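Residue numbers for the sequence shown follow full-length UniProt numbering, beginning at 1 and rising by one.
We put the CB at the ideal spot given by N, CA and C, even for glycine.
A quick note: this is a predicted structure, and the numbers were derived from the prediction, not measured.
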Amino acid sequence: MKIAVLPGDGIGPEVTQEALRVLDALQLPGLTLLEGDVGAAGYRKHGHPLPPETLAMAREADAVLFGAVGDPACDNLDRHLRPEQAVLGLRKELDLFANLRPAKGFDGLEELSALRPEIAREIDLVIVRELTGDVYFGDKARHVLPDGRREGWDRMAYAEDEVRRIAHVAFRTAQTRGNRVTSVDKANVLETSRLWREVVEEVAAEYPDVALEHMYVDNAAMQLVKAPGAFDVVLTGNLFGDILSDQASMCVGSIGLLASASLGERQTDYGTFGLYEPIHGSAPDIAGQGKANPMATILSAAMMLRHSFGLEAEAARIENAVASALKDGVRGGDLGGTLGCAAIGEAVCERL
Ligand code: NAI
Ligand code: MG
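Right under this line is the structure:
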């Protein structure tokens with residue numbers, strides 16, 4: 001089982017180290033770790049944020065564990081050399097079209113949620129966001145109209161196969177949870193959304209055990225803060241998913257707690273190839289100070305064991321260890337506590 005570990009910049013290396021410590025504590029047999037440079041670290045060493053040798057290493061591995069990229073010192077570089085291009089490049093090159101972001105309330109953290117505690121306690125959902133299509137990847141242009149006004153446009157498009165494959169991921173995910181899918185679109189005004197709805201209906205017919213409902217994105221935004229407990233799996237496109245997943249994460253408590261998986265269709269000997277990363281960035285304001293909360297990265301490693309290696313029991317052990325640490329009051333600065341990155345990693349390992 002080969003894991004390409006790409007720590008990246010800022011707090012990336014600090015939080016990745018704690019995730020590796022947790023994996024080490026599980027003593028999984030047959031695990032090989034490869035380490036590659038990415039982001040500003042890749043640029044400094046190899047002249048590119050996603051050096052060819054790093055991409056080759058990721059392709060050769062069964063899964064990628066990613067820290068974070070981004071460095072204020074690179075702000076003036078050309079767009080294609082900026083550290084953030086590394087994560088976009090990896091998603092695109094590895095065809096990682098399905099982004100899974102679970103948002104689940106933790107016992108003892110309800111007070112830190114942006115929602116009322118009794119509502120926050122109910123959250124247990126996964127957003128399944130399409131990651132390689134939509135308006136983000138459509139043609140873009142800027143020009144000047146004949147009358148001199150500037151105009152910009154971005155083309156929003158989805159082909160049916162793009163919708164179909166992400167819909168399958170959502171329905172399969174629902175089968176492992178509460179058997180409910182809420183497909184979020186804007187079918188009252190967008191043609192892409194009408195096609196989206198049609199195709200999702202077709203796919204739903206293959207999953208008679210899963211209940212499907214459709215919801216307009218504006219209503220979904222409202223329901224997410226009003227009654228998040230009503231959602232199980234939220235299936236949506238790239239743009240709506242970007243916004244709703246950040247919104248859902250804030251309902252839980254801290255950015256330092258939320259994990260993600262980006263999956264493709266490629267199967268390895270052990271499971272589905274994927275890239276796993278915390279949803280936060282490189283946090284330059286606290287980098288190098290040992291202050292970061294590594295839980296999001298530790299939970300991302302748990303997702304990796306589940307999806308890429310079929311190690312469900314081990315994934316659950318990690319998740320339970322994190323939940324129990326939080327319940328016992330293990331808190332980093334992001335949760336109003338004083339524990340550092342290594343101490344939090346240590347606390348999770350003790351509970352394993
Ligand atoms: P950020 O997520 O890095 O930080 C936002 C705030 O949350 C900061 O105050 C930071 O200290 C805090 N924070 C983040 N993670 C934390 C953790 N694990 N423990 C404790 N506190 C934590 O987002 P920001 O500041 O907008 O971006 C910083 C850099 O990261 C930029 O260069 C940005 O482009 C990049 N970025 C990279 C991502 C990636 O690698 N996938 C995702 C988001 C941003
Ligand atoms: Mg976002």
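Would you mind working out which of the options sits nearest residue i, comparing C-alpha positions?
{"i": "Gly8", "options": "Pro49, Glu18, Leu28, Ser249", "result": "Pro49"}
{"i": "residue 366", "options": "Lys291, His307, Leu81, Val126", "result": "This structure leaves residue 366 out entirely; the chain is present only between 1 and 352."}
{"i": "Leu100", "options": "Trp153, Glu277, Glu18", "result": "Glu277"}
{"i": "Met304", "options": "Asp328, Phe273, Val330, Gly288", "result": "Phe273"}
{"i": "Gly345", "options": "Val15, Ser262, Leu145", "result": "Val15"}
{"i": "Ile166", "options": "Val87, Ala204, Asn219, Leu26", "result": "Ala204"}
{"i": "Gly133", "options": "Glu191, Ser260, Ile119, Lys92", "result": "Lys92"}
{"i": "Leu258", "options": "Asn76, Pro51, Ala103, Val22", "result": "Ala103"}
{"i": "Glu35", "options": "Gly12, Ile119, Phe97", "result": "Gly12"}
{"i": "Leu109", "options": "Asp78, Leu77, Asp328, Ala315", "result": "Asp328"}
{"i": "Ala114", "options": "Ile298, Ala220, Ile255", "result": "Ile255"}
{"i": "Asp269", "options": "Phe309, Asn293, Val252, Ile243", "result": "Phe309"}
{"i": "Met250", "options": "Leu190, Ala120, Arg180", "result": "Ala120"}
{"i": "Leu352", "options": "Leu23, Gly10, Ala4, Met1", "result": "Leu23"}
{"i": "Gly152", "options": "Tyr158, His143, Ala159, Glu160", "result": "His143"}
{"i": "Leu124", "options": "Ala174, His46, Val217", "result": "At residue 124 the sequence reads Asp, which differs from the Leu that was named. Nearest of Ala174, His46, Val217 to Asp124, Cα basis: Ala174."}
{"i": "Gly178", "options": "Asp209, Met156, Glu162, Tyr158", "result": "Asp209"}
{"i": "Gly70", "options": "Asp78, Ala283, Leu311, Cys341", "result": "Ala283"}
{"i": "Tyr207", "options": "Leu195, His168, Ala187, Arg21", "result": "His168"}
{"i": "Thr192", "options": "Gly237, Met295, Gly340, Arg21", "result": "Gly237"}
{"i": "Thr54", "options": "Leu77, Thr32, Val87, Leu26", "result": "Val87"}
{"i": "Asn320", "options": "Cys349, Leu335, Leu339", "result": "Cys349"}
{"i": "Glu213", "options": "Asp75, Leu311, Glu201, Gln27", "result": "Glu201"}
{"i": "Leu263", "options": "Ala323, Val64, Leu20, Val199", "result": "Val64"}
{"i": "Val225", "options": "Glu111, Ala68, Glu122", "result": "Glu122"}
{"i": "Ile243", "options": "Leu311, Ala230, Leu131, Ala159", "result": "Leu131"}
{"i": "Leu190", "options": "Pro228, Thr338, Ser324, Ala157", "result": "Ala157"}
{"i": "Ala220", "options": "Ala211, Arg197, Gln247", "result": "Gln247"}
{"i": "Leu33", "options": "Leu311, Cys341, Ala58, Ala343", "result": "Ala58"}
{"i": "Gly281", "options": "Phe66, Glu18, Gln27, Phe97", "result": "Phe66"}
{"i": "Ala56", "options": "Asp37, Arg116, Ala73, Phe240", "result": "Asp37"}
{"i": "Ser300", "options": "Met1, Leu20, Lys2, Gly10", "result": "Leu20"}
{"i": "Asn76", "options": "Ala61, Ala40, Asp95, Asp107", "result": "Ala40"}
{"i": "Glu198", "options": "Phe240, Ala68, Met1, Ala159", "result": "Ala159"}
{"i": "Leu6", "options": "Asp334, Pro52, Ala68", "result": "Ala68"}
When DSSP builds the beta bridges, which residues end up paired with residue i?
{"i": "Arg101", "result": "Ile127"}
{"i": "Glu2", "result": "Note on residue identity: the sequence assigns Lys, not Glu, to residue 2. Note: Lys2 sits in a beta bridge opposite Thr32."}
{"i": "Tyr216", "result": "Asp185"}
{"i": "Ser260", "result": "Glu277"}
{"i": "Asp9", "result": "Asp9 is not bridged to any residue."}
{"i": "Arg180", "result": "Ala211"}
{"i": "Gln267", "result": "Thr272"}
Is any beta-carbon of chain D found at less than 8 Å from that of residue i?
{"i": "Leu96", "result": "Checking the listed chains, one finds no chain D in this structure; it contains a single protein chain."}
Quick check on the DSSP output: the beta strand (DSSP E) that includes residue i runs from which residue to which?
{"i": "Gly274", "result": "272-278"}
{"i": "Val233", "result": "233-236"}
{"i": "Leu65", "result": "63-68"}
{"i": "Val144", "result": "140-144"}
{"i": "Arg150", "result": "150-154"}
Need the endpoints of the alpha helix (DSSP H) that residue i sits in, please.
{"i": "Gly345", "result": "341-351"}
{"i": "Ala170", "result": "160-175"}
{"i": "Ile119", "result": "117-120"}
{"i": "Glu198", "result": "191-204"}
{"i": "Ala86", "result": "85-93"}
Inset, instruction - Enumerate, from N- to C-terminal direction, the unbroken alpha helix (DSSP H) stretches of 4 or more residues contained entirely within the stretch 288-334. - result: Entirely contained in the stretch 288-334, the alpha helix (DSSP H) runs reaching 4 residues are, in chain order, 295-309, 312-327.
Inset, instruction - Mind listing, in chain order, the continuous beta strand (DSSP E) runs of no fewer than 3 residues lying wholly within the stretch 17-61? - result: 32-35
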